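Numbering (the numbering used here), first residue to last: 133 to 372. Read through the structure below, which is laid out as structure tokens, and then see the notes.
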Amino acid sequence: MALRFPRFSQGLAQDPTTRRIWFGIATAHDFESHDDITEERLYQNIFASHFGQLAIIFLWTSGNLFHVAWQGNFETWIQDPLHVRPIAHAIWDPHFGQPAVEAFTRGGALGPVNIAYSGVYQWWYTIGLRTNEDLYTGALFLLFLSALSLIGGWLHLQPKWKPRVSWFKNAESRLNHHLSGLFGVSSLAWTGHLVHVAIPASRGEYVRWNNFLSVLPHPQGLGPLFTGQWNLYAQNPRFK
């Protein structure tokens, strides 16, 4: 015999009125009643799901990088950003030439589709990416982070690594995790990338893993920082 909705309360399910429907919907997120879940298991599942959300974000971003590197015109756009239109993917159909473009373009329009720019080309250019190889490297790195996040979520559901409810209710532990682990490390990593990669790239210097320890972010190094001559950093000098 099939169980009626809501299954977590068969007494309510036998109610002949629509009260069982509205009450069942209203308590849809009452996990302790629905699944006989404990407070500790609820915290653990929510904590593990955060790793899954990070994995999805990393995977989505990795897909954008890979898609443009494979199908886009990023390297061509880099050569002349003012006159080359960034595209999401190449058109491989040999029949889609100029006659087809004109046939599908309505009067007064510049093209057969409405051009909508996402701005990723400009953003990648700003942070120092210059070649398709850079995009592929970024895609692989984010794919690695996605897999690492999935492993982290699975690991925190194993009996040996499950956090206890006391850890979740300890504000100090939670703040240390979020402030130092999330904001601290990510802020330092992003700042390091901007200083050591993005700014030199804006001056024509190509900085990557094989030379970032030997290339100064600024020709004068940290001298202006410690001498108070911070205005020198704004002069945008050219590397010789």
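For each residue, glycine too, the CB sits at the ideal point set by N, CA and C. Remember, it's a predicted structure, so these values are computed and weren't measured experimentally.
If you draw a straight line from the alpha carbon of residue i to that of residue j, how long is it in whole angstroms?
i: W286; j: L186; result: 13 Å
i: T263; j: S298; result: 49 Å
i: R152; j: Q290; result: 36 Å
i: H182; j: N343; result: 35 Å
i: A158; j: N177; result: 21 Å
i: N308; j: L348; result: 33 Å
i: L191; j: S141; result: 39 Å
i: F371; j: L320; result: Low confidence applies here, because F371 scores a pLDDT of 49, under 50, leaving its location unreliable and the question unanswered by this model.
i: Q230; j: I331; result: 40 Å
i: L144; j: F155; result: 9 Å
Residue i by DSSP, collapsed to three states: which one?
i: W293; result: coil
i: T159; result: coil
i: T193; result: helix
i: V200; result: helix
i: V339; result: coil
From the options, pick the residue whose C-alpha is nearest to that of residue i; which is it?
i: V327; options: L282, G353, I157 and L214; result: G353
i: E265; options: P148, H199 and F358; result: H199
i: E207; options: Q254, I188, G240 and A235; result: Q254
i: L282; options: G184, S194, H161 and W202; result: G184
i: K301; options: Q146, T149 and F179; result: F179
i: W256; options: G360, H325, W293 and T150; result: H325
i: N196; options: A232, S250 and I210; result: S250
i: L267; options: N205, L357, P295 and G355; result: N205
Check your understanding: Do the region 170 to 185 and the region 255 to 262 make contact, defined as three or more Cβ pairs closer than 8 Å?
Key -> They do not touch, by the three-pair rule.
Check your understanding: Counting pairs of Cβ atoms below 8 Å between the region 212 to 220 and the region 268 to 279, do you hit three or more?
Key -> no
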